[in-house]
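Right, one structure below, let's go through it.
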Amino acid sequence: MEILYVTGEEMPALPQCVATVGFFDGVHVGHRHVIAQVRDIAVTNGLLTCVVTFDRHPRQVVNPDFSPQLLTTLDEKLQILESLHVDVCAVLPFDKQMAAMDAATFMKRILADRLNVRHLVIGYDNRFGHGRTDNFAQYVAYGQHMGMEVTASDEEQIEGLKVSSSRIRKSLEEGNVERAAASLGYPYSLSGVVVDGFRQGRKMGFPTANIRLADNGKLIPAPGAYAVMAWMENQTAPRKAMMNIGTRPTFHGHTLTLEVHVLDFSDNLYGQVLRVDFMHRIREERPFADVAALTAQLHRDRENAEKWFKDNKI
Numbered sequence: 011m012e013i014l015y016v017t018g019e020e021m022p023a024l025p026q027c028v029a030t031v032g033f034f035d036g037v038h039v040g041h042r043h044v045i046a047q048v049r050d051i052a053v054t055n056g057l058l059t060c061v062v063t064f065d066r067h068p069r070q071v072v073n074p075d076f077s078p079q080l081l082t083t084l085d086e087k088l089q090i091l092e093s094l095h096v097d098v099c100a101v102l103p104f105d106k107q108m109a110a111m112d113a114a115t116f117m118k119r120i121l122a123d124r125l126n127v128r129h130l131v132i133g134y135d136n137r138f139g140h141g142r143t144d145n146f147a148q149y150v151a152y153g154q155h156m157g158m159e160v161t162a163s164d165e166e167q168i169e170g171l172k173v174s175s176s177r178i179r180k181s182l183e184e185g186n187v188e189r190a191a192a193s194l195g196y197p198y199s200l201s202g203v204v205v206d207g208f209r210q211g212r213k214m215g216f217p218t219a220n221i222r223l224a225d226n227g228k229l230i231p232a233p234g235a236y237a238v239m240a241w242m243e244n245q246t247a248p249r250k251a252m253m254n255i256g257t258r259p260t261f262h263g264h265t266l267t268l269e270v271h272v273l274d275f276s277d278n279l280y281g282q283v284l285r286v287d288f289m290h291r292i293r294e295e296r297p298f299a300d301v302a303a304l305t306a307q308l309h310r311d312r313e314n315a316e317k318w319f320k321d322n323k324i
């Protein structure tokens with residue numbers, strides 16, 4: 011996949027393409043449904059496929075106080091799009107100038123003139139342009155004036171509910187990582203550097219890798235214990251693990267921590283980047299009367315995690 015970072019500089023002429031435009035947070039199954047339609051049209055007409063996205067969440071520019079709760083970073087988004095065999099991903103810098111651009115101007119200056127889009131596929135609920143005031147019929151009319159065909163994609167549903175980034179965020183905020191994975195098409199993940207922690211887990215027989223997340227605005231699922239798959243540096247396959255997200259209430263903690271206990275593993279991971287894929291929530295976070303009670307619960311957590319992995323043939 012070719013990645014184009016569209017700037018104010020002149021770009022070489024691009025081949026004609028079929029495109030869709032959006033922020034595509036998570037690149038979930040609804041987004042994939044739209045991209046599949048783009049690909050079908052492109053193959054039929056002998057054109058390239060192009061996904062047009064932005065380098066930051068548009069609301070960060072419109073509302074500087076907005077803190078995104080992202081499902082994917084830009085790099086993660088690009089990796090997923092490449093796996094979907096997209097020919098070109100055009101990354102636009104979303105700034106105040108672009109925020110002020112109306113839909114007709116955006117379609118002409120960016121899509122038609124710079125990216126050579128000849129067919130635009132719009133998600134069923136997608137609106138773009140300043141104020142997001144235009145509707146699909148207006149997009150079609152704008153396209154006719156510039157030789158661009160515009161079609162709409164229908165919505166994708168799972169269990170009778172439309173798939174959306176906001177619904178996925180809500181699932182993660184509730185700790186329902188399996189429902190989130192069903193809508194994403196893959197397990198939700200977090201990555202970070204393993205740093206020195208409080209070392210309480212090791213004393214209880216459960217050494218943990220404490221993850222310090224990069225400041226990338228990604229959403230952290232609800233506090234609790236989870237069964238996860240842990241990806242270590244220079245490893246070709248993940249390892250089964252259990253993870254706790256919380257403030258360590260038994261030890262009267264106040265800072266949110268992310269602690270991963272890799273099953274049947276004791277090597278030093280300090281300084282490594284560790285990625286965890288969330289598979290199943292074992293329980294919510296709660297305080298225990300003492301360390302012995304917490305240790306007993308950790309043993310039950312491990313048993314429940316191992317049972318879940320076995321039942322799901324992982």
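Numbering (this note's numbering) for the sequence shown: 11 to 324.
For each residue, glycine too, the CB sits at the ideal point set by N, CA and C.
{"Asked": "Kindly indicate which three-state DSSP category residue 149 falls into: helix, strand or coil?", "Found": "helix"}
{"Asked": "Taking 8 Å as the threshold, find out whether the segment 151-167 comes into contact with the segment 56-64 through three or more Cβ pairs.", "Found": "no"}
{"Asked": "Run the CB neighbour count on residue 230, radius 10 Å, all protein chains shown included, and call it buried at 16 or more, exposed below.", "Found": "exposed"}
{"Asked": "Using C-beta distances below 7 Å, list every residue in its chain close to residue 314, excluding the 5 sequence neighbours before and after it, in chain order.", "Found": "292"}
{"Asked": "Residue 257 to residue 101, Cα distance in whole Å?", "Found": "37 Å"}
{"Asked": "Distance check for residue 273 and residue 154, CA to CA, integer angstroms please.", "Found": "59 Å"}
{"Asked": "Residue 88 to residue 50, Cα distance in whole Å?", "Found": "20 Å"}
{"Asked": "Please report how far the alpha carbon of residue 37 lies from the alpha carbon of residue 91, in whole angstroms.", "Found": "8 Å"}
{"Asked": "Nearest to residue 238 by CA position, among 138, 228, 251, 232, is which residue?", "Found": "251"}
{"Asked": "Note the first and the last residue of the continuous alpha helix (DSSP H) segment covering residue 287.", "Found": "Careful: residue 287 lies outside any alpha helix (DSSP H), inside the beta strand (DSSP E) at 283-294."}
{"Asked": "Quick one: what does DSSP say residue 94 is sitting in, helix, strand or coil?", "Found": "coil"}
{"Asked": "Should residue 30 and residue 131 be called a contact, given that it needs their Cβ atoms to be closer than 8 Å?", "Found": "yes"}
{"Asked": "Just to confirm the assignment, what range does the alpha helix (DSSP H) spanning residue 230 have?", "Found": "Premise fails: residue 230 is in no alpha helix (DSSP H) and is neither H nor E."}
{"Asked": "If you drop the 5 nearest sequence neighbours on each side, which residues of the same chain put their C-beta closer than 6 Å to that of residue 222?", "Found": "202, 203, 205"}
{"Asked": "Could you give the DSSP three-state label for residue 173: helix, strand or coil?", "Found": "coil"}
{"Asked": "Quick one: Cα of residue 263 to Cα of residue 27, how far?", "Found": "54 Å"}
{"Asked": "Nearest to residue 307 by alpha carbon, out of 246, 260, 135, 93?", "Found": "260"}
{"Asked": "Would you grab the beta carbon distance between residue 268 and residue 220 for me? Rounded to a whole angstrom, and I think it's under 8 Å.", "Found": "7 Å"}
{"Asked": "Roughly how many angstroms lie between the CA atoms of residue 311 and residue 174, to the nearest whole one?", "Found": "31 Å"}
{"Asked": "From the DSSP output, in three-state form, read off residue 11 for me.", "Found": "coil"}
{"Asked": "Quick one, are the C-beta atoms of residue 134 and residue 114 less than 8 Å apart?", "Found": "no"}
{"Asked": "With a CB to CB cut of under 6 Å and the five nearest residues on each side skipped, what residues in its chain are close to residue 129?", "Found": "28, 51, 159"}
{"Asked": "Among 24, 86, 284, 53, which one has its Cα closest to the Cα of residue 33?", "Found": "86"}
{"Asked": "Contact check, residue 286 vs residue 182 under 8 Å by CB: the rounded distance?", "Found": "Going by Cβ atoms, the distance from residue 286 to residue 182 rounds to 13 Å, so no, they are not a contact pair."}
{"Asked": "Quick one: what's got a C-beta closer than 6 Å to residue 235's C-beta in the same chain, skipping five residues either side?", "Found": "254, 292, 293, 311"}
{"Asked": "Does the separation of the CB atoms of residue 139 and residue 108 fall below 8 Å?", "Found": "no"}
{"Asked": "Leaving out five residues on either side along the sequence, give the residues of the same chain with a beta carbon under 7 Å from the beta carbon of residue 104.", "Found": "64, 65, 66, 68, 71"}
{"Asked": "So residue 98 packs on residue 19, CB below 8 Å; how close in whole Å?", "Found": "Actually they are not in contact, since the Cβ atoms of residue 98 and residue 19 sit about 17 Å apart, beyond 8 Å."}
{"Asked": "What's the gap between the Cα of residue 147 and the Cα of residue 166?", "Found": "21 Å"}
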